[in-house]
Amino acid sequence: MWVTFGLGLKKPKFSNQLYDLICNCIHTDLLLAFDYLLSQFLKAMMQSENSVEDAFHIRKLEISDKEKGFIELLRQLTVCDSVSDEKFKERFEEIAKYGDDHCICVIEDVRSRKIVATGSVFIEKKFVRNCGKAGHIEDVVVDSSARGMQLGKRIVEYLADHAHSMGCYKVILDCTEENRPFYEKCGFKKKEIQMVKYFV
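The letter at position 162 of the sequence shown is residue 162 when you use UniProt numbering, and the numbering goes up by one with no holes.
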């Protein structure tokens, strides 16, 4: 027989020891079920992350990337006029002379063979901080069709890791107020203000 108690709940009319035993069994079953569901969820998340990593390959810029939409991608960020193959090759080789002091990375969609994200970091050599180095991140953009998949975060982390491996004591960037939350999630914090003077 059952009796109502508390908030409309029911407790059976038998010994407290037996009641506690039943409750403990139910509690254990619920914990096991929750643990199983959580493990399945985490497994699915890991598989999803691995799937994204397999589908989107991050690497340094290659000269063939012009034919994979690199210039068109930059147009989603800022003014970027048409660049001839000759001018692209000339600038690519010029940047390559800086070696690891100027790194441009891209993410390629291996299925479509299109460049869907990019960013760059330039290593500034200074006299301050015991002749230290500072990394400057620029031109971070993700294609509008590939946003929401953490590609921007992968680009920024790649560039920041590169700056750190080059011995930089800091890495800095400029962004709009709209993009501030994104960069804060990447570990950056607001400091001072940006000033600019354009010549063209």
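Yeah, the Cβ is synthetic: ideal placement off N, Cα and C, and Gly gets one too.
Own chain residues within Cβ distance below 7 angstroms of residue i, not counting five before or after
{"i": "Cys168", "result": "Ile123, Lys133, Ala134, Gly135"}
{"i": "Leu151", "result": "Phe56, Ile107, Val116, Ala117, Val142"}
{"i": "His162", "result": "Cys103, Val121"}
{"i": "Val83", "result": "Ile71"}
{"i": "Val200", "result": "none"}
{"i": "Lys126", "result": "Gly132, Lys133, Ala134"}
Where residue i sits in the DSSP three-state scheme
{"i": "Tyr36", "result": "helix"}
{"i": "Tyr183", "result": "helix"}
{"i": "Arg91", "result": "helix"}
{"i": "Leu173", "result": "strand"}
{"i": "Gly99", "result": "helix"}
{"i": "Lys197", "result": "coil"}
{"i": "Asp81", "result": "coil"}
{"i": "Phe188", "result": "coil"}
{"i": "Ser64", "result": "helix"}
CB contact flag (residue i, residue j, <8 angstroms)
{"i": "residue 219", "j": "Val121", "result": "Nothing can be reported for residue 219, as the shown portion of the chain is limited to 1 through 200."}
{"i": "Leu159", "j": "Ile137", "result": "yes"}
{"i": "Val116", "j": "Leu61", "result": "no"}
{"i": "Lys170", "j": "Arg180", "result": "no"}
{"i": "Ser145", "j": "Gln76", "result": "no"}
{"i": "Asp81", "j": "Lys66", "result": "no"}
Cβ-based neighbour list, residue i, same chain, cut-off 8 angstroms, excluding 5 preceding and 5 following
{"i": "Thr118", "result": "Leu61, Phe70, Leu73, Leu74, Ile104, Cys105, Val106, Ile107, Asp139, Val140, Val141, Ile155"}
{"i": "Met166", "result": "Asp100, Asp101, Ile123, Lys133, Gly135"}
{"i": "Asp54", "result": "Val110"}
Span separating the alpha-carbon of residue i from that of residue j
{"i": "Gly187", "j": "Arg113", "result": "30 angstroms"}
{"i": "Lys68", "j": "Lys197", "result": "33 angstroms"}
{"i": "residue 201", "j": "Phe56", "result": "Since the displayed the chain opens at 1 and closes at 200, residue 201 lies outside it and no answer follows."}
{"i": "Thr176", "j": "Met195", "result": "13 angstroms"}
{"i": "Leu173", "j": "Leu32", "result": "47 angstroms"}
{"i": "Tyr98", "j": "Glu157", "result": "21 angstroms"}
{"i": "Glu178", "j": "Ile58", "result": "25 angstroms"}
{"i": "Phe182", "j": "Arg147", "result": "12 angstroms"}
{"i": "Gln40", "j": "Lys185", "result": "27 angstroms"}
{"i": "Lys87", "j": "Glu94", "result": "10 angstroms"}
{"i": "Glu90", "j": "Tyr36", "result": "57 angstroms"}
{"i": "Leu42", "j": "Lys153", "result": "20 angstroms"}
{"i": "Thr78", "j": "Asn130", "result": "36 angstroms"}
Cβ-based neighbour list, residue i, same chain, cut-off 6 angstroms, excluding 5 preceding and 5 following
{"i": "Phe92", "result": "Ile63"}
{"i": "Ala96", "result": "none"}
In chain order, each beta strand (DSSP E) run of at least 3 residues that lies wholly inside the segment 127-164: The segment 127-164 contains these whole beta strand (DSSP E) runs: 133-142.
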